[in-house]
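Numbering (my numbering), first residue to last: 1 to 164.
Glycine included, each C-beta is placed from N, C-alpha and C at the ideal position.
Small disclaimer: the values here were computed from a predicted structure and weren't measured.
What follows is a short report on a single structure.
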């Protein structure tokens, strides 16, 4: 009879303990009902980034090649020629592939003239990996030539065909 009574007491203690745990979790859930949601509805709401956010690189290069030397994966490509008459380097081509970039920020930190900087832009997704390869035109340094623009070329072609 004694084992039956101790078994019943143990069962009662376990039931009370389980009820207490369920009650505690219920109280925690009720305390969360008045909180604001943490997530945002992304396409309709944009998140506010911090000052030190590492987004797309803003570019105004002077061809010093410091960014190439400090990059851990040797990512930036800088081509330049030396202009003897002005005694300076002239930038010919600059390219950085943001699909490979690890956004460490070394290029921005070590740029001697602070011409490289990280923007707050975080919408870098594309369907084609090659669209993430940014050069001077896409980084905002050089404007695209009007003659090279495909929309202008199609209009010019249609005008030329109408003249014939």
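Please identify the residue among the options whose C-alpha is closest to the C-alpha of residue i.
| i | options | result |
| --- | --- | --- |
| residue 65 | 43, 16, 102 and 89 | 89 |
| residue 100 | 134, 120 and 4 | 134 |
| residue 111 | 71, 8, 9 and 13 | 71 |
| residue 79 | 126, 162 and 63 | 63 |
| residue 77 | 87, 9, 107 and 84 | 107 |
Assuming residue i contacts residue j (C-beta within less than 8 Å), just tell me the rounded distance between them.
| i | j | result |
| --- | --- | --- |
| residue 116 | residue 67 | 6 Å |
| residue 98 | residue 81 | About 26 Å; that fails the 8 Å criterion. |
Could you spell out where the beta strand (DSSP E) holding residue i opens and where it closes?
| i | result |
| --- | --- |
| residue 83 | 77 to 83 |
| residue 133 | 133 to 135 |
With distances taken between CB atoms, is the gap from residue i to residue j smaller than 9 Å?
| i | j | result |
| --- | --- | --- |
| residue 120 | residue 53 | yes |
| residue 73 | residue 48 | no |
Taking its Cβ as the centre, do 16 or more other Cβ atoms sit within 10 Å of residue i, making it buried, or is it exposed?
| i | result |
| --- | --- |
| residue 94 | buried |
| residue 157 | exposed |
| residue 146 | Note that residue 146 scores 49 on pLDDT, short of 50, meaning its location in the model is unreliable; the coordinates nonetheless yield the value given after this. Classification for residue 146: exposed. |
| residue 37 | exposed |
| residue 16 | exposed |
| residue 96 | buried |
Start and end of the alpha helix (DSSP H) containing residue i?
| i | result |
| --- | --- |
| residue 42 | No alpha helix (DSSP H) contains residue 42, which DSSP labels as neither H nor E. |
| residue 110 | 106 to 110 |
| residue 66 | 66 to 70 |
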